[in-house]
Structures are given as C-alpha cells and as structure tokens.
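Written below as structure tokens is the structure these notes are about.
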Amino acid sequence: MMEPAKVNKQHDLHMRSRKQIELTGVKNVESFDSEEFLLSTELGELTIRGTHLHIKNLSLENGMLSLEGNVHSLIYLDPGAQGKNKGILRKLFK
C-alpha cells in the first residue's frame, strides 16, 4: 500500500523597515483593525500588532497578503495548539 504524499506547507514573511509586510501561505484573515491582524497561515495562527495597520493587497486564492503600517510585534501560535488558543482569542475579542 502506498503512503499518501506529504504536502510541504509554505509560509514566508518579508518585512521592510517595520513598515511593510508581505506574506505568503495565508489561508484566512480571521479579523483585523488598525492595531491588530489575526491570520491563519499554512504554518499556524499569526497575530500582527502595531498602529495604522491596513491591507495593501490581499489574494486568498494565492495565499498572499501585503500590509502597511507601524509594526510592533509578530506572534505565532503553535500549530498543534490552534484549537485551545482559538477559543481564548475569541473570548478576548468579543
């Protein structure tokens, strides 16, 4: 019996001068405002925090997202912990 082919998940992040971010491997934008973006990527949940954040380009079909603004932090959640942490995040943002 043949084993199913392993799919290599890819996610790249390029930041320029803490003002511009280009991401690949974006599956969904869970929520966003001018101070925080919650993203689902191929390699886990990503939170981007800052000020004056806004979408420059978005193509979920291609998994691409470009942001502009003042970036203060990037936080990845462990992909294995998505189920546990997602509930906590939703409670915080209600």
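According to our numbering, the stretch in the sequence shown is residues 718 to 811, in order. We treat Cβ as the ideally placed atom computed from N, Cα and C, and that holds for glycine.
Identified DSSP bridge partners for residue i
i	result
histidine 728	Paired residue(s): none; histidine 728 is not in a bridge.
arginine 733	Gln737
leucine 794	In DSSP, leucine 794 forms no bridge with anything.
8 Å Cβ cutoff met for residue i and residue j
i	j	result
asparagine 787	glycine 767	yes
leucine 730	methionine 781	no
threonine 764	glutamate 752	no
leucine 784	histidine 771	yes
glutamate 759	glycine 742	yes
Per-residue burial, residue i [other beta carbons within 10 Å of its own, 16 or more giving buried]
i	result
glutamate 778	exposed
isoleucine 792	exposed
Restricting to runs no shorter than 3 residues, where is the beta strand (DSSP E) found entirely within the segment 743-787? The segment 743-787 contains these whole beta strand (DSSP E) runs: 743-749, 753-758, 761-776.
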